[in-house]
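Just so we're aligned: 293 in this note's numbering is position 293 of the sequence shown, and the numbers increase by one with no gaps anywhere. A quick write-up on the structure given underneath.
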Amino acid sequence: MRAGSLIEIFQERFGGQARLLHAPGRVNLIGEHTDYNDGFVMPAAIQLSTLAAVAARPDRRIRVASMNVDGEFAFDLDDRTASPRRVWSDYVQGVALALEQAGYHLRGADVLFQSDVPSGGGLGSSAALEVSAALALLSVAGIQLPLLEIARICQKAENEFVDTRCGIMDQFAACFGRQDHAILLDCRSLVYRHLPLPSSIRMVVCNTMVKHELAAGAYNLRRADCEMGAKILGVPALRDVTPAQLQRRAVELPEQVWRRCRHVVHENARVESAADVLGAGDLGEFGRLMAESHRSLRDDYQVSCRELDLMVELAVGQPGVYGARMTGGGFGGCTVNLVAAPEADNFVLRMSQDYRAATGVEPAIHVCRAMPGGGQWNVPDPDAVILRR
Ligand code: GLA
């Protein structure tokens with residue numbers, strides 16, 4: 001099921017001729033929990049994505065439904081006192097309100113979503129929903145915005161309406177992905193560079209099937225620890241601290257805050273090294289940095305879980321594996337594995353068998369390709385489900 005049938009289902013459900021927009025999920029190769037510390041990240045947009053079929057309405061109402069979950073939600077664009085209902089449509093409502101608050105006058109619309117980005121899987125499903133919603137609502141209102149503005153507004157919606165204090169990585173990747181490239185992003189200046197990914201490797205994403213849905217509170221707590229660290233150290237953000245400076249001032253920090261800081265400060269340094277070694281083609285060293293990142297997220301930042309650790313342990317030592325680590329916010333979700341292309345299919349089979357044997361759970365495993373960011377969905381042939389832009 002994809003583009004062609006989504007338009008048909010839209011027509012049956014809402015009536016009217018829909019147009020299609022989409023935004024991709026992302027995998028993060030390295031640079032975890034650094035974005036909201038003004039640091040560096042290295043995500044890539046992937047082929048798992050969210051499609052939005054949309055048509056304008058004559059009023060200022062937004063009606064939304066999804067092929068992934070039951071139920072239909074509606075809200076009024078003029079309702080400025082709206083509060084979140086703690087359902088998935090909050091992401092759409094938050095984006096609509098943030099666009100209006102930024103001065104963009106929207107039209108009412110019916111929107112039907114369909115996503116193959118697993119929700120709560122650490123692959124940026126919230127951002128894919130937000131960015132596809134923004135593109136859909138802007139499209140029917142006839143408004144064109146720079147992608148950076150869209151990414152910022154979507155992050156703001158998640159921070160303020162949904163109340164998850166996320167950074168900008170996921171929304172940025174959903175907007176600025178490029179085919180066969182990762183993105184090296186400085187989350188302070190928002191200056192970025194596309195880094196070519198060698199054709200000899202595959203990014204394989206292994207889903208532990210543990211959902212992180214209740215982790216927003218723990219995420220916000222991590223961010224608060226980082227802010228406390230920056231305050232004690234007298235800097236605007238942990239981005240401004242080097243590993244040597246942190247070591248010198250360690251005694252001033254409470255133990256837990258120091259651990260959080262140690263992760264962030266070293267992770268930032270790892271992203272910069274990872275960009276260098278990727279450019280030099282040293283995949284072995286890139287993999288070593290991934291392993292360090294995972295250990296640091298597990299021991300210092302404490303956002304891994306038993307299943308993620310197991311998935312990483314099972315991957316390391318498989319033929320053709322350069323590196324493995326948890327990806328995304330943590331507390332469940334996925335690992336990212338860099339695997340030599342000729343070994344990728346066997347890796348998928350073995351990981352699936354080994355994880356099932358150890359846990360009794362069938363993991364979802366995706367061999368990912370770095371894809372372009374969101375936009376209009378052009379479907380020359382409605383059955384060509386793999387072709388994007
Ligand atoms: C989630 C957030 C991102 C980022 C990652 C951790 O995906 O949405 O902003 O903080 O966690 O790196």
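Think of the CB as a built atom: it goes at the ideal place given N, C-alpha and C, for glycine as much as any other residue. Predicted model, so just to flag it, every value in this text is computed and none were measured.
Ranked by Cα distance from residue 312, the first of 329, 7, 374, 338 is 338.
Taking a contact to require three or more Cβ pairs closer than 8 angstroms, the region 84-100 and the region 153-163 qualify as touching.
Relative to ligand 1, the beta carbon of residue 28 is positioned inside 7 angstroms of a heavy atom.
Cβ contact annotation for residue 169 (same chain, cutoff 6 angstroms, sequence separation greater than five): 35, 41, 43, in chain order. With a 10 Å radius around the Cβ and a threshold of 16 neighbouring Cβ atoms, residue 139 comes out buried. For residue 245, the uninterrupted alpha helix (DSSP H) segment begins and ends at 243-249. Relative to ligand 1, the nearest heavy atom lies less than 7 angstroms away from the CB of residue 329.
Distances between the C-beta of residue 261 and the heavy atoms of ligand 1 are all 7 angstroms or more. Taking all protein chains in view, the Cβ of residue 12 is surrounded by fewer than 16 other Cβ atoms within 10 Å, so the residue is classified as exposed.
In this structure, residue 51 sits near residue 3, with a CB-CB distance shorter than 8 angstroms. Judged by their CB atoms, residue 283 and residue 322 are nearer to each other than the 8 angstroms cut-off. In the DSSP assignment, residue 114 forms a beta bridge with 51.
Beta-bridge analysis with DSSP links residue 203 to 338, 368. Less than 8 angstroms divides the Cβ of residue 55 from the Cβ of residue 14. Taking the Cα positions, residue 78 is about 13 angstroms away from residue 109. By the Cβ rule, the region 223-232 does not count as touching the region 18-32, because fewer than three pairs are nearer than 8 angstroms. Burial check for residue 248: the Cβ neighbour count within 10 Å stays below 16, so the residue is exposed. Distances from the CA of residue 131 to each of 355, 150, 119 were compared; the closest alpha carbon is that of 150. In this structure, residue 259 and residue 223 do not form a Cβ contact; the two beta carbons are roughly 14 angstroms apart against a cut-off of 8 angstroms. Shown here, residue 57 sits in coil according to DSSP, grouped into three states, outside any helix or strand. Take residue 287, set aside five residues on each side of it, and the residues of its chain with a beta-carbon closer than 7 angstroms to its own are 322, 323, 338, in chain order. In this model, residue 335 and residue 46 are separated by some 14 angstroms (Cα to Cα).
Comparing C-alpha distances from residue 67 to each of 9, 360, 291 shows the shortest one belongs to 9.
Among the bridge pairs identified by DSSP, residue 375 is matched with 22. The three-state secondary structure of residue 8, taken from DSSP, is helix. By the C-beta criterion, the region 203-219 is judged not to be in contact with the region 236-248, since fewer than 3 inter-stretch pairs fall below 8 angstroms. For residue 125, the number of other beta carbons within 10 angstroms of its own is at least 16, and it is reported as buried. Annotation: the region 85-147 contains the following complete segments of the beta strand (DSSP E) (minimum length 3 residues), in chain order: 109-115.
Looking at the backbone, the Cα of residue 310 and that of residue 304 are separated by about 10 angstroms.
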